Every structure is written in C-alpha cells, then in structure tokens.
Amino acid sequence: MVKFKRSLPIIMLGLFLFAQLAAGASNPSETALRYLQNLIAGDFQAAQAMHNAQMQGAIDANGLQVAWEGLLKQAGPLRDVGQPFVESQNAYTLVYVPCTFDTGVLDVLVVIDAEGLIAGLNFVPHELRASWQVPDYADPELFNEATIKFGLPEWELNGTFTTPRTAGKYPVIVLVHGSGPQDQDATVGANKIFKDIAWGLASRGVGVFRYDKRTVTHGARMNAQTVTVEEEVIADAVAAVERVYGFPNVSSVFVLGHSLGGTLAPEIAARTTYANGMIIMAGTPRPLSELIVEQVSYLSGLDGVVTPDEQAIIDGLTVQTAALNKRTLPMNETIMGAPAAYWYDLLDRNPIEALQEFGKPALFLQGERDY
Numbered sequence: 080m081v082k083f084k085r086s087l088p089i090i091m092l093g094l095f096l097f098a099q100l101a102a103g104a105s106n107p108s109e110t111a112l113r114y115l116q117n118l119i120a121g122d123f124q125a126a127q128a129m130h131n132a133q134m135q136g137a138i139d140a141n142g143l144q145v146a147w148e149g150l151l152k153q154a155g156p157l158r159d160v161g162q163p164f165v166e167s168q169n170a171y172t173l174v175y176v177p178c179t180f181d182t183g184v185l186d187v188l189v190v191i192d193a194e195g196l197i198a199g200l201n202f203v204p205h206e207l208r209a210s211w212q213v214p215d216y217a218d219p220e221l222f223n224e225a226t227i228k229f230g231l232p233e234w235e236l237n238g239t240f241t242t243p244r245t246a247g248k249y250p251v252i253v254l255v256h257g258s259g260p261q262d263q264d265a266t267v268g269a270n271k272i273f274k275d276i277a278w279g280l281a282s283r284g285v286g287v288f289r290y291d292k293r294t295v296t297h298g299a300r301m302n303a304q305t306v307t308v309e310e311e312v313i314a315d316a317v318a319a320v321e322r323v324y325g326f327p328n329v330s331s332v333f334v335l336g337h338s339l340g341g342t343l344a345p346e347i348a349a350r351t352t353y354a355n356g357m358i359i360m361a362g363t364p365r366p367l368s369e370l371i372v373e374q375v376s377y378l379s380g381l382d383g384v385v386t387p388d389e390q391a392i393i394d395g396l397t398v399q400t401a402a403l404n405k406r407t408l409p410m411n412e413t414i415m416g417a418p419a420a421y422w423y424d425l426l427d428r429n430p431i432e433a434l435q436e437f438g439k440p441a442l443f444l445q446g447e448r449d450y
C-alpha cells in the first residue's frame, strides 16, 4: 500500500477551482489510458491538450509535471499498469487505472466528459474504491436527515440537515469546504469526511448542515475569470447559516471551515448575526499562494534531491508569487490553477481582522501529521 504524508497531486488539484466534471464519454477507458501514457512518457503538453476548456484553464503542462513527478517521488518508479475500472457517479464517468509502483498499488483517477475530454485528475489509494461505510462512532437510529434547498434563486443549492432525535433544543454546525469543487459529503474516493462528521456529531446531539458547493452544482455557468471566494464560498456559507438558524429547536449555529473554508470562516461568521462561534480546521491567515510554493519545495525535497526540473518549477512559482504580491500580473493570467484576479481578491482579505471583528468563541484544530 502506498502511504502518503500528503499527496502533492491532491494539494495542487484541490486548488483547481473550476475543473468541472461532466457526463461520461464513449470510450473512457481508452481515453484514460492514452492520457496516462502521455504522463508516463513525460509528454505533459500532449496530456494537457486532452483537457477540456475548464481543465485547460485550471492546470498547465508545468502543473501536470509537478503533480506526476511529485507522485513518483512518494510512490517510487512505475512498474505496471492494470485494467481500468469504470464507474458512474451522478452524471460523471470516473476511470480508475490501477498502477503498481515500488511502494504499492495506486489508482490514477481520470474523469472524462461527454466529449471525450479530460475533466479531472487525481491519485487515490487503490483500496479507496470500496464503498463508504458507516463509522463506528455514528448510530443512524439517533438522528434524522432531510434535504434542504437554499441560496439565491439563480444559485440554489442542495443541502442535507442532519438533526439529533433528542427532545429540546440543540446546537448546529454548518460545514464549509476547502478549495475546489466538492460535494456536500466532501467525497474523495470512498471517504466522505463531511458525512462522517455529520453522522458522528448528530449521534451525540449536535445538528449538522452540509451542502454541495456552487462550483459543483453551477460550475458550468460560473465565469472562471471573474469568480472570487465571495461566489465560490462565502455567500453560500452565510446563506446556509441563516437558513438553518430559523429551524425549530435550533439553539445556536457555529461555522466549521476546513482548509480554505477555515481561512474564510472568520469572515463568514462576521457577515451574519446568526453565528454564535466558529471552528477552524487547518485554516491559515497566510496567503495561500505563498503556502503552495512552500508545499512544492518541501515535497520536491522529500527524497533528498531537488532535480533541475523541479527547481525550475519552484523558481517559476516563486516568481509568480512575487508578481502577485506586487500586483503586476494581468487579472486574467492563470497562476496555480486560478486567474490572478482570484488571488488578488484573497490577498485583500484579512482573516485575523475578521476574527477580531467577530469577537465570539473560536476553536482552532490542526492535524498532527500536517507539515
């Protein structure tokens, strides 16, 4: 089994905000294998040429090179490519290609759209294709679930309200995702982290509201060149807090944000009078653009050697980050998976200032194995 400290491809692809999944292709296995062969051969230009329009804007050939070479650093040389496994997930066609590396078997997950173009890429442990299992700490007999629609009429979203079967009032937590298009369960392979949290807390008397991100439900209608975290995250999170606060038996509402959601949690909570506190999981007050450079540098050196190609990528990211800080990049220039306008907007936000303005209880949580 391949064990990751943290997968470089997952870090990078999590920031590709507008790489939307679409309906299945006619020969998805052949398309996925051809795409994978380009990655294996180091022909990242050819691989990128297979992307659909949204993926073209989300990741360039250098980004693919960072992801693939980062995988090889952690998993070791590729030894064998197995038979693809194809499945449908909602309207999506997902192709899992089992690949044997020195350290074990890993699935290269390739998503194919209706036109046979690549709409998504990830690397997941082979065993994660098993079905989701109810966690030991959750008891479905102790809670109810209801589908709730909310948000602006033109951007209406589906959410699930998980409520404890207890008499009297109970607190509610609203879950806010990290970056990238994510469903309400925060699904990655067989993992459904937000569903786990919702079922676990509801089993202990705490209500939880989770929802599909706007970039999942309405991504095809969003303008990737102008969207900011206001449209991607904040507006819908505020609407979610205000939606659940009005339900009977709700005593209080807390915002729980993970990663980018944690960074934005203070602003979300401060934007509504209905938030009673917040929980920040792996959030940061530092600019995400700077953190990406540090992450790539760290992962490139995991094997003790930084190759000239890797150093060139690090240097390029460093130059781009400096240009961002000086605000010399054109607004529509893509950097690290998003237009410069997106990063400029993030630089203008101040989580510490928003936290001070909020002035209510906050709990900070960080994974012990995060670097």
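Take 80 as the starting number for the sequence shown in the numbering used here and just add one per residue. Beta carbons: idealized from backbone N, C-alpha and C, even for Gly. These figures come from a predicted structure and were not determined experimentally.
1) For residue 237, list the residues DSSP reports as bridge partners.
2) What residue range is occupied by the uninterrupted alpha helix (DSSP H) comprising residue 404?
3) Does residue 186 pass the burial test, meaning 16 or more other C-beta atoms within 10 Å, or should it be called exposed?
4) Over the uninterrupted beta strand (DSSP E) stretch that includes residue 159, give me the two end residues.
5) How should residue 453 be labelled, buried or exposed, when 16 other C-beta atoms within 10 angstroms of its C-beta is the threshold for buried?
6) State the beta-bridge partners of residue 186 as determined by DSSP.
7) When DSSP builds the beta bridges, which residues end up paired with residue 297?
8) Output the distance between the C-alpha atoms of residue 303 and residue 347, rounded to the nearest integer angstrom.
9) Could you give the residue range of the alpha helix (DSSP H) that holds residue 345?
10) If you follow the beta strand (DSSP E) that residue 326 is part of, which residue opens it and which one closes it?
11) Which partner residues of residue 244 appear in the DSSP bridge assignment?
12) For residue 323, which residues in the same chain have their Cβ closer than 7 Å to its Cβ, ignoring the five residues on either side in sequence?
13) Taking only the alpha-carbon atoms, compute the straight-line gap between residue 335 and residue 125 and give it to the nearest angstrom.
14) In terms of DSSP beta bridges, what is residue 285 paired with?
15) Decide if the region 358-378 is in contact with the region 435-448; the criterion is three or more beta carbon pairs, one per stretch, under 8 Å apart.
16) Closer than 8 Å by C-beta to residue 350: which residues in its own chain qualify, once you throw out the five before and the five after it? Chain order, please.
17) How big is the Cα-Cα spacing for residue 298 and residue 262?
18) Taking the beta carbon of residue 201 as the centre, do at least 16 other beta carbons fall within 10 Å, making it buried, or is it exposed?
19) Once the 5 residues before and after residue 175 are set aside, which same chain residues still bring their CB inside 7 Å of it?
20) DSSP three-state call for residue 138: helix, strand or coil?
21) Between residue 100 and the rest of its own chain, which residues show a CB-CB distance below 6 Å, the 5 nearest in sequence each way excluded?
22) Could you tell me how far apart the beta carbons of residue 154 and residue 180 are, in whole angstroms, since I believe they sit closer than 8 Å?
23) What is the DSSP secondary structure of residue 152, counted as helix, strand or coil?
24) State buried or exposed for residue 447, treating a residue as buried only when at least 16 other CB atoms are found within 10 Å of its CB.
25) Measuring only between beta-carbons, confirm whether residue 151 sits less than 9 Å from chain D.
26) Taking the beta strand (DSSP E) that residue 441 belongs to, which residues open and close that run?
27) Does residue 210 pass the burial test, meaning 16 or more other C-beta atoms within 10 Å, or should it be called exposed?
28) Taking the beta strand (DSSP E) that residue 375 belongs to, which residues open and close that run?
29) DSSP puts residue 360 in a beta bridge; with which residues?
To lay it out plainly:
1) 228
2) 387-405
3) buried
4) 157-160
5) The structure shown does not extend to residue 453, since the chain is modelled only from 80 through 450, so no value can be given for it.
6) Beta-bridge pairing links residue 186 to 177 and 203.
7) DSSP lists no partner for residue 297.
8) If I take the Cα positions, the gap works out to 22 Å.
9) 339-349
10) Taken as a continuous stretch (DSSP letters only), residue 326 belongs to no beta strand (DSSP E), as it is neither H nor E.
11) DSSP output for residue 244 lists no bridge partner at all.
12) 240, 251, 253, 288, 329 and 332
13) 41 Å
14) In the DSSP output, where bridge partners are listed per residue, residue 285 has none listed.
15) yes
16) Spatial neighbours of residue 350 in its own chain (CB-CB distance under 8 Å, excluding positions within 5 residues in sequence) are listed in chain order as 313 and 317.
17) 12 Å
18) Buried, since its Cβ has 16 or more Cβ neighbours within 10 Å.
19) Same-chain partners within the cutoff: 163, 164, 186, 188 and 208.
20) coil
21) Its pLDDT being 34, under 50, residue 100 is placed unreliably by the model, and nothing is read from it.
22) 4 Å
23) helix
24) Around the beta carbon of residue 447, fewer than 16 other beta carbons sit within 10 angstroms, so the residue counts as exposed.
25) No chain D is present in this structure, which holds just one protein chain.
26) 441-444
27) exposed
28) Counting along the chain, residue 375 falls outside any beta strand (DSSP E), though it belongs to the alpha helix (DSSP H) covering 367-379.
29) Paired residue(s): 337 and 444.
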